[in-house]
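**Student:**
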Amino acid sequence: MLKYQAIAEDLRQKITQGTYQPDDQLPLTSELEKIYHASKMTIKRALDHLESEGLIVKRRGSGTFVKGLAMNDLDKLIRHSRSQLFGMSKVYAGHAVTSKVRVFEIVTAPKEVKTQLRLNHETFVYRIVRVRLLDGTPFSLETSYMPIFLIPNLRRQHAEQSIFSYIRDSLHLKIQSAHRIVRVRGANSQESAELHIASDSPVAVVQETYFLASGIPFNYSVTTHEPKHFALETVIID
């Protein structure tokens with residue numbers, strides 16, 4: 009873990025535990041430098057990270073403050089931002105999340121995948137199509153692509169369980185961030201059949217690119233969500 013990430017994690021825990029309450033002012037940058045024995049730039053990166061998560065707000069001329077939300081809302085933001093990088097099993101903790109693997113194959117990266125994963129030549133990637141089930145009920149249809157050279161020895165059994173757990177626990181790679189685009193449209197025939205919904209029913213389509221701590225994109229996926237089990241929560245920062 010990088011220095012700024014460790015600082016951000018410590019501040020995040022102090023917010024969660026109530027050391028810093030909603031609307032409380034955080035110590036000044038100069039004070040944080042002394043507390044964490046870090047440079048001004050490192051402190052800035054840590055605070056920028058927390059601001060991007062919606063946990064703090066910077067007020068020009070006044071300082072940095074914990075976002076004025078109820079503690080349970082702050083806790084939910086923290087858990088949500090973390091769980092999104094740990095896969096569906098973490099997002100829906102407490103529920104039985106299972107997968108039916110429809111396709112597990114190795115293909116040459118299509119044009120869009122090459123663009124999203126920054127692949128400059130003909131590269132072999134895993135193409136995995138899964139139906140995700142929540143307590144036995146289909147709730148999403150996911151197609152994902154990952155370069156073999158980045159995620160070696162991936163097997164169908166990993167796709168049936170948790171790909172992200174394999175990446176973290178077996179390959180010891182840190183999943184750092186993701187870029188997400190959400191669109192709404194009518195379900196096509198495959199989606200309606202797999203998700204048990206009427207043809208052309210509204211569905212949420214989430215396009216995601218995940219990045220390792222090194223900044224390298226390793227996973228590009230397009231997931232169609234059945235709307236009853238989908239909600240989008242976001243934080244807008246001025």
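At position 41 of the sequence shown the residue is numbered 49 (the working numbering), and the sequence of numbers has no breaks. C-beta: ideal position from N, C-alpha, C; glycine also.
Identify the residues that DSSP records as bridge partners of T116: which are they?
**Tutor:** F132, per the DSSP bridge assignment.
**Student:** Specify whether the segment 211-228 and the segment 186-195 touch according to this definition: at least 3 beta carbon pairs, one from each stretch, less than 8 Å apart.
**Tutor:** The segment 211-228 vs the segment 186-195: in contact.
**Student:** What do you get for Q33, buried or exposed, if any count of 16 or more other CB atoms within 10 angstroms of its CB means buried?
**Tutor:** The residue is exposed, with fewer than 16 neighbouring Cβ atoms inside 10 Å.
**Student:** Going along the chain, which unbroken runs of the alpha helix (DSSP H) with 4 or more residues stay wholly within the segment 139-191?
**Tutor:** Correct list: 164-168.
**Student:** Applying the 10 Å Cβ sphere with the 16-neighbour rule, what's the burial state of L10?
**Tutor:** Classification for L10: exposed.
**Student:** Quick check on H233: does DSSP put it in helix, strand or coil?
**Tutor:** Strand at H233.
**Student:** Where do the ends of the beta strand (DSSP E) carrying K66 lie?
**Tutor:** Taken as a continuous stretch (DSSP letters only), the beta strand (DSSP E) holding K66 covers 64-67.
**Student:** When the Cβ atoms of the segment 142-158 are set against those of the segment 195-208, are three or more pairs found closer than 8 Å?
**Tutor:** Taking 8 Å as the limit for Cβ pairs, the verdict is that the segment 195-208 does touch the segment 142-158.
**Student:** Looking only at its own chain, which residues have a Cβ that is under 7 Å from the Cβ of F238, when we skip the five neighbours before and after it?
**Tutor:** Closer than 7 Å at the Cβ level, and outside the excluded window around F238, lie A212.
**Student:** From F226 to Y218, what does the alpha carbon distance come to, in whole angstroms?
**Tutor:** Computed Cα separation, rounded: 6 Å.
**Student:** Out of D31, M49, R68, Q29, which one is the CA nearest neighbour of S38?
**Tutor:** Minimum Cα distance to S38 is reached at M49.
**Student:** When burial is assigned at 16 or more other CB atoms within 10 Å of the CB, is E234 buried or exposed?
**Tutor:** It counts as buried.
**Student:** Whose CA, out of A54, A14, L63, R110, lies closest to the CA of T24?
**Tutor:** Out of A54, A14, L63, R110, L63 has the C-alpha closest to the C-alpha of T24.
**Student:** Return the CA-CA distance between T131 and I171, expressed in angstroms with no decimal places.
**Tutor:** Cα-Cα distance, rounded: 20 Å.
**Student:** Quick one: give me the first and last residue of the alpha helix (DSSP H) that Q215 is part of.
**Tutor:** Element bounds for Q215: not the alpha helix (DSSP H) but the beta strand (DSSP E), 210-220.
**Student:** List the whole-angstrom C-beta distance separating P30 from G76, where the pair is believed to meet the contact cut-off of C-beta under 8 Å.
**Tutor:** Confirmed, Cβ separation roughly 5 Å.
**Student:** Under 9 Å between the Cβ atoms of I189 and A221?
**Tutor:** No, the Cβ-Cβ distance between I189 and A221 is not below 9 Å.
**Student:** Check whether the Cβ atoms of V74 and Y44 sit closer than 9 Å, and answer yes or no.
**Tutor:** No, they are not a contact pair.
**Student:** Who are the near neighbours of Y228 in its chain, counting only those whose CB is closer than 6 Å to its CB and skipping five residues on each side?
**Tutor:** Around Y228: V121, Q124, L125, Y153, T217.
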